[in-house]
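Colleague:
There are 2 protein chains.
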Amino acid sequence: MPDLTASFAALADPVRFAIVDRLLREGELSAGEIGKDFKISGPAISQHLAVLHDTGLVQRRRMAQRRMYSVEPKGLSAISDWIAEARKFWEASLDRLEQALQNEKDLK
Amino acid sequence: MPDLTASFAALADPVRFAIVDRLLREGELSAGEIGKDFKISGPAISQHLAVLHDTGLVQRRRMAQRRMYSVEPKGLSAISDWIAEARKFWEASLDRLEQALQNEKDLK
DNA sequence: TCTTTATTTAAGTATTGACTTAAATAGCAA
DNA sequence: TTGCTATTTAAGTCAATACTTAAATAAAGA
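Sequence order for the protein chains is W and P.
Each residue of the first sequence is one higher than the last, beginning at 12 in this note's numbering.
Each residue of the second sequence is one higher than the last, beginning at 12 in this note's numbering.
#1: Identify every residue that forms a DSSP beta bridge with K72/W.
#2: Spatial neighbours of L87/W within its chain, please: CB distance less than 6 Å, with the 5 preceding and 5 following residues excluded, ordered by chain position.
#3: Given this structure, state the Cα-to-Cα distance separating M79/P from R72/P, to the nearest angstrom.
#4: Would you identify the three-state DSSP class for S57/P, choosing helix, strand or coil?
#5: Any idea what DSSP makes of S88/P, helix, strand or coil?
#6: Per DSSP, what kind of secondary structure is S41/W in: helix, strand or coil?
#7: Using a Cβ-Cβ cutoff of less than 6 Å, which residues in the same chain neighbour L35/P once the five nearest sequence positions on both sides are dropped?
#8: One question on the structure: do K47/P and G67/P come within less than 8 Å of each other, judged by their Cβ atoms?
#9: With respect to the alpha helix (DSSP H) encompassing T16/P, which residues constitute its N-terminal and C-terminal limits?
#10: Note down the Cα distance separating T16/W from G38/W, rounded to an integer number of angstroms.
#11: Between the Cα of L19/W and the Cα atoms of L63/W, Q113/W, E109/W, E44/W, which residue gives the shortest distance?
#12: Judging by CA-CA distance, which residue of A42/P, H59/P, E109/P, W93/P is the nearest neighbour of A29/W?
#13: Suppose the cutoff is 8 Å on Cβ atoms and the five residues either side in sequence are ignored; what does the same chain contact list for Q70/P look like?
Have a look at this one:
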């Protein structure tokens, strides 16, 4: 299992979450375009992008002077896989709860 | 949309992630039982459980002197919903990539 | 009531992390 | 080369947070 806590930590910051969410919807964007959404400095954006890149949530490539960023699906699918696994357990427990409530009702 | 970044922050800590993961698999457990898995102090565990409870990831109830903790499905389904939405976008972009590679191949 | 068990709350410390400004790097164009 | 645009790296500051020990609370039992 990959290190999910690092991915969660990356998405725990509101700026980084908003960046990933926007990249999902709009595809590839430059660091400058991404930065326009926020009132923090350029270097702050660059540092956030570095965190997202280091944790494997975004890819990047050069295009002339610009750095283009896009979502790295593998990074998100690691979370998706864990959630799918977790869902099995919580749905099973909801089923047990529902069953228990039904039995209680039947007794009346 | 609920505050997903708070949920991500809660799961970003390795201890809290392990607690949630174990509660999913084993169901309801007391604070004491949960604490045995870690070498940190009782109060530290209690504080982690408070964070998980405050962010809506776990429920708790009293049972005599003990506090019993279990996963709150709603907390995780908020993440699950975002991932499902995100998946639509990243799969669409993968499809476009695949299409582009196919077109390139056809030209040869 | 007094004691024991289970857990939380309080208070203080140390590390981590998000931000800033200033300086460095990379590529393009005059 | 010199300059211009885009972005990152460096260095330092401040706030958030994960931990500790000590004290408080809650429920049960002798």
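Backbone N, C-alpha and C fix where the C-beta goes; we use that ideal spot for every residue, glycine too.
Modeller: Let's see:
#1: Note that residue 72/W is Arg in the sequence shown here, rather than Lys. Its beta-bridge partners are M79/W.
#2: none
#3: 5 Å
#4: helix
#5: helix
#6: strand
#7: V82
#8: no
#9: 15 to 22
#10: 25 Å
#11: Before going further, note that residue 19/W is Phe rather than Leu in the sequence given. Of L63/W, Q113/W, E109/W, E44/W, the residue nearest in Cα terms is L63/W.
#12: W93/P
#13: H64, Y80, S81, V82, E83
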